[in-house]
Amino acid sequence: MIQSPTPEGLRWRELFRPPFRLMGIRTTTQIWRTFLLEKIKAYIALTKPRVIELLLVATIPAMLQADRGSNNILLILSTLIGGWMGAAAANTFNMVADSDIDQRMGRTRARPLVRHTVSNRDATIFAWAMTILSFLWLWLLCHSLTAAIFVMITIAFYIFVYTKWLKRRTHMNIVWGGAAGCMPVMVGWAVMVDNAPPGTPAQWWQAIVLFLIIFFWTPPHTWALAMKYREDYERAGVPMLPVVRKPVQVTRQIVWYTVATVITTVLLIPAAGWIYAAGAIIGGIWFLIMAILLHRGVAAGGNVKPLKLFILSNNYLALVFVALSVDAIIGWETIGRMLGWTTTFF
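Just so you know, we're using our numbering here: the sequence shown kicks off at 22 and counts up by one.
Have a look at this one:
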């Protein structure tokens, strides 16, 4: 029997690999691939993807409600792309402005500018590029100059009013600064109005109600998180409400803003339908009960977990807007016809 001349356990092709591969040394191609992947991840992190989720949660239902029964999927997707670029620009500008704060907070120390995976200069160039692309995209491809202007106003407000002025000066920072997070519904609504047939009622009051839902929802959502990371904000010098007020005062404000949120959702029921009504009422009761329980727990001096309310607030907003989307797509009457009902309930 003829034995193989190769060493035991070593295949022929391994003999012809470069020595540096056998020693575990990476090739230039591998190094560049790793470098590019890290850069891409860093730029994605600059946009704050989790924050942009609100764009998806809010914009799609607003567009569906603006043109109930619309099947213009391409327009909706195009608007999401343009809106995403605008939100990416605002969040990147925010990271550049807040890089000093991020260095002092444990929750944000892994961000790209703190780790120097992206320079402030490159991040600023990226933000300006996203700003210009967002404006042109919404104006020229989505045919909505109104939406493009809304995005520019939002970016300017988020950077100069919230980040530069309110955030470091007042405990009401998130109340007024949170208005920027409400603008996706206005952008989506504007696109649908500008693309609607002539004479179609704009119904802007509905967009304003959706705006107010997010406006009142933002403080309890953010303050619950700030209660969890109170020491982080205090160390960074950011006067969030949980930093400058007693916990019981914070939870009392959380309850009042939760009440305002739930009441505002009810205002849209006449324009939406019973599917939305069920989601808004059931979800609202759930949200309010949890806010009250948090307040009572704090007042009693118990060991509370505000992060639970933070997570619940996300689920609540998703429930309300998903219910609105379903109502706008199929409607109560459609369900009635599917079930053989003949009575019109709404």
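Glycine included, every Cβ here is placed at the ideal spot set by N, Cα and C.
- Every alpha helix (DSSP H) of 4 residues or more that sits fully in the segment 278-364 is shown, in chain order, as 295-320, 327-350 and 352-360.
- Runs of the alpha helix (DSSP H) spanning 4 or more residues and lying entirely within the segment 91-129 occur at 94-118 and 120-125, in chain order.
- Remark: three or more beta-carbon pairs, one from each stretch, lie closer than 8 Å, so the segment 108-119 and the segment 61-72 are flagged as touching.
- When the Cα atoms are used, residue 246 and residue 199 turn out to be separated by approximately 14 Å.
- Here residue 258 carries a coil assignment [DSSP, helix/strand/coil].
- With a cutoff of 9 Å on beta-carbon distance, residue 341 and residue 300 are scored as near each other.
- When secondary structure is reduced to three states using DSSP, residue 253 falls in the helix class.
- Around the beta carbon of residue 137, a 10 Å sphere encloses fewer than 16 other beta carbons of the protein chains shown; the residue is thus reported as exposed.
- Sequence-distant partners of residue 78 (beyond 5 residues in either direction) whose C-beta falls short of 8 Å from its own C-beta, in its chain, are 338, 339 and 342.
- When rounded, the separation of the alpha-carbon atoms in residue 61 and residue 49 is 18 Å.
- Residues 253 of the same chain have their beta carbon placed closer than 7 Å to that of residue 127, with the five preceding and five following residues left out of the count.
- When rounded, the separation of the alpha-carbon atoms in residue 249 and residue 162 is 42 Å.
- The C-alpha of residue 64 is placed about 20 Å away from the C-alpha of residue 172.
- Residue 137 carries a coil assignment under DSSP once its states are collapsed to helix, strand and coil.
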